[in-house]
Amino acid sequence: MAFPIPDHLPRKLDVSSSILSKIDSATFQSLNSSLASSCRVELDESIRLTKSQIHDRIRTDSSSFQRQLSSAKSLQDRLGALSGQVGALNIALSDPKSGLVPVLLEGLEAHQLLAQESLNADILSDSLSHLLECRTQLDALRKLVDTGDLPQAVVASHALSSLLSAIRGPLKNASVTSEMQSRLRVLGNRVEELLSNAYTESVSVNASEVIVKPFALVPQSLRPLSLSSILSSISSTSLTSHLSTLRRDILTHYIEYAFNQPTSLTVSSVKDTFGSLIHVLRRFPSPPNTTDNASPLANVSTTLDFLHKQLFLALPPTHQQSFRRSLSKPISTAVLTHLLIPCLPSQLEALPTFLKLANKAVDLEDKYIVWLLDASSDREIKAWVNNVCTHYERQRRSCILDSVRKIIIQSTSSSEPTFYAHLPLSQDILEHTEHTPSDEGDAWGLDDDGQSFKTGSSKSAVEPEEENVWGLDDNLEEEITEKQQQADPVTVEEDPGDAWGWNDEEPAPEEPVQAEDNPWDDPWGDDSAPAEVTSAMRPTTVPSQHPSAKSATATQKPAVGRKQPVLVTNGHLANGTDDLSHHPPKSEPYLVSTLAKSIIRAVEDALHEGKSLVSSGIFPYSPTSTTMPGTLITQSGVLVLDLYRAVYPAVAAARLARPGDIMKFANDCFWLAEEVGRLATYEGGVLVAKDKLEECRTVLQVLADSWYQDGLDRQRTALCDILESAKGFTDTSDQDQYDDCEMAISRVVREIRSVANIWKPILPKSKYYTAMGAIVEVSLQRILEDILAIRDIPEVESHKLSELCRILAALEGLFVEDSSQSSFVVSYVPSWLKFSYLSELLEASMADLTYLFEEGALVDFEVDELVKLVRALFADTPLRTKTLDKIMGGHPVR
Numbered sequence: 001m002a003f004p005i006p007d008h009l010p011r012k013l014d015v016s017s018s019i020l021s022k023i024d025s026a027t028f029q030s031l032n033s034s035l036a037s038s039c040r041v042e043l044d045e046s047i048r049l050t051k052s053q054i055h056d057r058i059r060t061d062s063s064s065f066q067r068q069l070s071s072a073k074s075l076q077d078r079l080g081a082l083s084g085q086v087g088a089l090n091i092a093l094s095d096p097k098s099g100l101v102p103v104l105l106e107g108l109e110a111h112q113l114l115a116q117e118s119l120n121a122d123i124l125s126d127s128l129s130h131l132l133e134c135r136t137q138l139d140a141l142r143k144l145v146d147t148g149d150l151p152q153a154v155v156a157s158h159a160l161s162s163l164l165s166a167i168r169g170p171l172k173n174a175s176v177t178s179e180m181q182s183r184l185r186v187l188g189n190r191v192e193e194l195l196s197n198a199y200t201e202s203v204s205v206n207a208s209e210v211i212v213k214p215f216a217l218v219p220q221s222l223r224p225l226s227l228s229s230i231l232s233s234i235s236s237t238s239l240t241s242h243l244s245t246l247r248r249d250i251l252t253h254y255i256e257y258a259f260n261q262p263t264s265l266t267v268s269s270v271k272d273t274f275g276s277l278i279h280v281l282r283r284f285p286s287p288p289n290t291t292d293n294a295s296p297l298a299n300v301s302t303t304l305d306f307l308h309k310q311l312f313l314a315l316p317p318t319h320q321q322s323f324r325r326s327l328s329k330p331i332s333t334a335v336l337t338h339l340l341i342p343c344l345p346s347q348l349e350a351l352p353t354f355l356k357l358a359n360k361a362v363d364l365e366d367k368y369i370v371w372l373l374d375a376s377s378d379r380e381i382k383a384w385v386n387n388v389c390t391h392y393e394r395q396r397r398s399c400i401l402d403s404v405r406k407i408i409i410q411s412t413s414s415s416e417p418t419f420y421a422h423l424p425l426s427q428d429i430l431e432h433t434e435h436t437p438s439d440e441g442d443a444w445g446l447d448d449d450g451q452s453f454k455t456g457s458s459k460s461a462v463e464p465e466e467e468n469v470w471g472l473d474d475n476l477e478e479e480i481t482e483k484q485q486q487a488d489p490v491t492v493e494e495d496p497g498d499a500w501g502w503n504d505e506e507p508a509p510e511e512p513v514q515a516e517d518n519p520w521d522d523p524w525g526d527d528s529a530p531a532e533v534t535s536a537m538r539p540t541t542v543p544s545q546h547p548s549a550k551s552a553t554a555t556q557k558p559a560v561g562r563k564q565p566v567l568v569t570n571g572h573l574a575n576g577t578d579d580l581s582h583h584p585p586k587s588e589p590y591l592v593s594t595l596a597k598s599i600i601r602a603v604e605d606a607l608h609e610g611k612s613l614v615s616s617g618i619f620p621y622s623p624t625s626t627t628m629p630g631t632l633i634t635q636s637g638v639l640v641l642d643l644y645r646a647v648y649p650a651v652a653a654a655r656l657a658r659p660g661d662i663m664k665f666a667n668d669c670f671w672l673a674e675e676v677g678r679l680a681t682y683e684g685g686v687l688v689a690k691d692k693l694e695e696c697r698t699v700l701q702v703l704a705d706s707w708y709q710d711g712l713d714r715q716r717t718a719l720c721d722i723l724e725s726a727k728g729f730t731d732t733s734d735q736d737q738y739d740d741c742e743m744a745i746s747r748v749v750r751e752i753r754s755v756a757n758i759w760k761p762i763l764p765k766s767k768y769y770t771a772m773g774a775i776v777e778v779s780l781q782r783i784l785e786d787i788l789a790i791r792d793i794p795e796v797e798s799h800k801l802s803e804l805c806r807i808l809a810a811l812e813g814l815f816v817e818d819s820s821q822s823s824f825v826v827s828y829v830p831s832w833l834k835f836s837y838l839s840e841l842l843e844a845s846m847a848d849l850t851y852l853f854e855e856g857a858l859v860d861f862e863v864d865e866l867v868k869l870v871r872a873l874f875a876d877t878p879l880r881t882k883t884l885d886k887i888m889g890g891h892p893v894r
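So the sequence shown is residues 1 to 894, counted in the UniProt record's numbering.
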């Protein structure tokens with residue numbers, strides 16, 4: 001074989017290729033006879049040259065050529081001989097008559113036929129033998145069924161079933177096998193039915209009795225069948241169903257019923273009409289109130305004893321343990337659910353009797369549930385009894401909290417009765433009050449000239465004549481009455497408003513407040529009404545001539561320093577003019593709902609009950625217990641307070657939207673905080689809950705302060721909303737705008753006085769004045785901000801604004817307790833003087849303003865506020881520029 005030339009090497013063109021290429025390159029015109037003749041000649045020449053090369057090659061190595069030629073001829077001869085021999089062998093093997101292969105195949109076919117006949121004979125013999133055995137067993141089964149020997153029939157049925165299951169081969173699908181299987185099913189169903197009837201006749205359970213027969217007669221039976229043989233012979237599925245029904249009936253009619261209804265059980269053994277022995281457990285209803293709590297345990301014991309003797313021992317081993325265990329859990333649950341838990345007493349005195357009952361329940365569990373039914377029981381009854389102290393305390397805690405919850409909910413469905421509590425005054429305040437100088441009420445010297453907010457008037461700012469000038473009381477009584485009717489009416493035997501003298505001019509609440517503990521006529525101890533008051537802090541109208549400046553300076557000089565609070569004792573200033581100032585009160589009354597008293601009483605009862613439980617020794621301390629006896633009941637007192645804080649704001653949300661009720665709730669929380677502090681301090685038996693009580697006291701105090709501030713914030717928001725209608729007090733020269741501003745300020749005055757009417761009998765005196773000062777302050781601050789924000793105030797508008805500011809002078813009467821004493825409004829309204837001077841500055845001349853500034857009377861104003869006010873009030877003149885320069889230099893130092 002020639003070595004193939006690789007594709008990447010150039011190939012040598014053979015002769016024919018070159019000739020063919022030459023012919024291919026010829027065109028139709030150039031292809032003629034001469035070209036064809038030259039190609040032929042060239043091809044012949046190439047053939048000749050090739051032959052010449054072959055002959056030359058042979059001649060160059062003739063010996064090798066001859067040797068190869070002889071070898072090739074020898075191979076040809078031997079190939080012919082081998083082909084002849086192969087043909088002869090083929091004939092010897094494949095000849096149809098004498099060939100080896102046909103003869104061998106014929107012998108094998110004969111052997112196969114003989115082996116198949118032998119196998120068929122063996123299979124037929126075995127099948128007939130097995131069928132005969134099955135037929136014999138079927139006849140025996142039929143005979144046993146006919147004679148009523150059901151236990152043996154069950155054994156024969158199982159044997160026949162095993163024989164039929166063992167059939168293999170063609171007999172398995174034979175019709176005779178199907179027929180036998182059909183007959184076996186019929187007989188098996190009949191046996192099962194007879195056994196079920198026998199069980200039903202042997203064991204019968206109904207609402208009145210349990211009947212167990214040791215032996216039962218079967219139709220056509222020669223002898224009665226024992227209960228154990230019946231239960232052992234019946235199928236597992238059918239027995240499980242029967243035992244499930246039996247378990248249900250026993251638990252329903254003889255276990256659970258014994259806990260729900262008074263019942264008595266009797267056990268007897270009698271003979272029936274055929275002479276067979278019958279064991280009967282009968283149930284009889286007992287008369288009411290003739291059985292004790294332990295009788296259900298005795299009935300359970302009787303029932304289990306009866307079942308153990310008459311039924312449990314007859315059960316087959318495969319179902320005996322499982323059936324007993326199936327009764328264990330329901331009986332334990334029934335004892336707990338229907339006996340121990342419902343009988344758990346709510347009184348400490350009944351606990352010893354209950355503990356005896358619990359010990360009997362533990363004995364029942366040990367003797368029957370653990371020993372008889374289920375040795376692997378969790379002993380739920382014993383575990384529950386070991387923690388009976390905890391269960392008792394949890395039940396008491398639930399009862400306490402539920403009763404408190406009902407009290408809280410019921411309190412919101414109607415008006416709450418109230419009583420007056422007392423807020424003790426601190427010793428520092430009392431000592432400060434006793435040693436206050438007698439001239440402190442006039443320390444500002446603002447009463448020297450007896451002038452009011454209205455220039456040139458010597459009358460009080462709250463006299464009826466002046467109030468009527470502004471028309472503030474035109475509809476005040478109707479509005480206040482409506483607000484008080486919307487609030488929850490509180491009741492006392494005598495109207496505390498009389499002590500304030502508010503009934504002289506304003507209508508009092510329709511329903512008086514009912515005092516419960518130590519009632520008194522006047523919660524604040526006031527004896528007279530402020531018919532007329534003298535303004536405690538009123539600016540002096542500066543005359544236009546400077547010779548009177550000395551008097552004005554003496555009057556206003558104390559205003560340079562910051563204002564100091566004026567202490568109030570029993571409604572009067574501590575100025576030494578009242579005899580009572582030498583014996584100040586030790587406390588301030590404030591209104592508290594009786595719901596708070598009910599809450600604190602529930603807390604005290606819980607704490608005392610916990611102490612009684614510990615001291616009784618009924619529940620000894622257990623090393624395995626994590627809590628001491630009485631701990632949960634003691635802690636329930638804290639939970640009562642938590643429940644009150646969580647429930648009352650939710651159920652009384654609509655009521656707490658009213659200003660009076662929100663402050664009353666703040667008082668309740670404050671009073672509860674004080675009482676809880678007392679309990680934590682003085683109750684010796686609350687050491688377990690002392691930390692919790694201290695925490696509750698802090699939370700209640702925070703809650704009281706929060707609701708108090710929330711009540712103030714709501715009033716602040718309401719007043720600011722009213723002042724929004726004034727539109728910044730701009731353009732008051734327009735009569736409509738002025739009327740709107742006047743209406744807004746009048747509404748503010750009415751709203752504040754209405755709230756004062758509501759809060760006065762509720763809050764303690766100190767909180768009342770603080771609250772009123774806060775809402776008056778926010779009103780003044782809002783008006784101050786709006787007026788000082790006006791960039792240009794013409795003369796007409798300045799007079800109008802001054803008149804509007806003087807309307808608020810009527811609020812000074814809220815801070816007067818005795819007409820013979822001065823007002824202490826500046827102690828609670830920091831902006832009162834500033835606002836008062838603003839009303840004067842709006843109508844003052846440049847000289848008056850400069851004089852007041854130089855004397856330090858305007859220290860409450862910031863420098864930039866005075867600058868803006870001067871620029872808004874006065875035209876741009878050299879005098880204004882000089883005044884502004886002086887003001888921007890800062891307040892004079894005194």
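For each residue, glycine too, the CB sits at the ideal point set by N, CA and C.
What you are looking at is a predicted structure, and each value in this text was computed from that prediction instead of being measured.
Is DSSP giving residue i helix, strand or coil here?
i: residue 420; result: strand
i: residue 829; result: coil
i: residue 50; result: helix
i: residue 394; result: helix
i: residue 240; result: helix
i: residue 342; result: helix
i: residue 752; result: helix
i: residue 588; result: strand
i: residue 379; result: coil
i: residue 278; result: strand
i: residue 651; result: helix
i: residue 143; result: helix
i: residue 323; result: helix
Below 8 Å on the Cβ atoms is my contact criterion, and I expect residue i with residue j to pass it. Report the Cβ-Cβ distance as a whole number of Å.
i: residue 302; j: residue 267; result: 7 Å
i: residue 300; j: residue 258; result: 6 Å
i: residue 707; j: residue 662; result: 6 Å
i: residue 738; j: residue 730; result: About 11 Å separates the two Cβ atoms, so there is no contact after all.
i: residue 590; j: residue 420; result: 7 Å
i: residue 288; j: residue 262; result: 6 Å
i: residue 896; j: residue 870; result: Because the chain is modelled from 1 through 894, residue 896 falls outside the range shown and cannot be assessed.
i: residue 137; j: residue 156; result: 6 Å
Is the shortest distance between the beta-carbon of residue i and the beta-carbons of chain D less than 8 Å?
i: residue 369; result: Chain labels in this structure do not include chain D; a single protein chain is all it has.
Please state whether the Cβ-Cβ distance between residue i and residue j is less than 8 Å.
i: residue 831; j: residue 777; result: yes
i: residue 764; j: residue 423; result: yes
i: residue 335; j: residue 361; result: yes
i: residue 872; j: residue 791; result: yes
i: residue 243; j: residue 405; result: no
i: residue 417; j: residue 594; result: yes
i: residue 673; j: residue 704; result: yes
Assuming residue i is part of the alpha helix (DSSP H), what are its boundary residues?
i: residue 601; result: 594-616
i: residue 303; result: 295-310
i: residue 903; result: Since the first and last residues shown for the chain are 1 and 894, residue 903 lies out of range.
Can you tell me where the beta strand (DSSP E) with residue i in it begins and where it stops?
i: residue 209; result: 209-212
i: residue 218; result: Careful: residue 218 lies outside any beta strand (DSSP E) and carries neither H nor E.
i: residue 264; result: 263-271
Review point. At a cut of 8 Å, does the segment 189-196 reach the segment 220-237 through at least three beta carbon pairs?
Key: yes
Check your understanding: Per the contact definition of three or more C-beta pairs closer than 8 Å, is the segment 109-120 in contact with the segment 136-150?
Key -> no
Check your understanding: Can you find at least 3 beta carbon pairs, one from the segment 266-283 and one from the segment 343-352, that sit closer than 8 Å?
Key -> no
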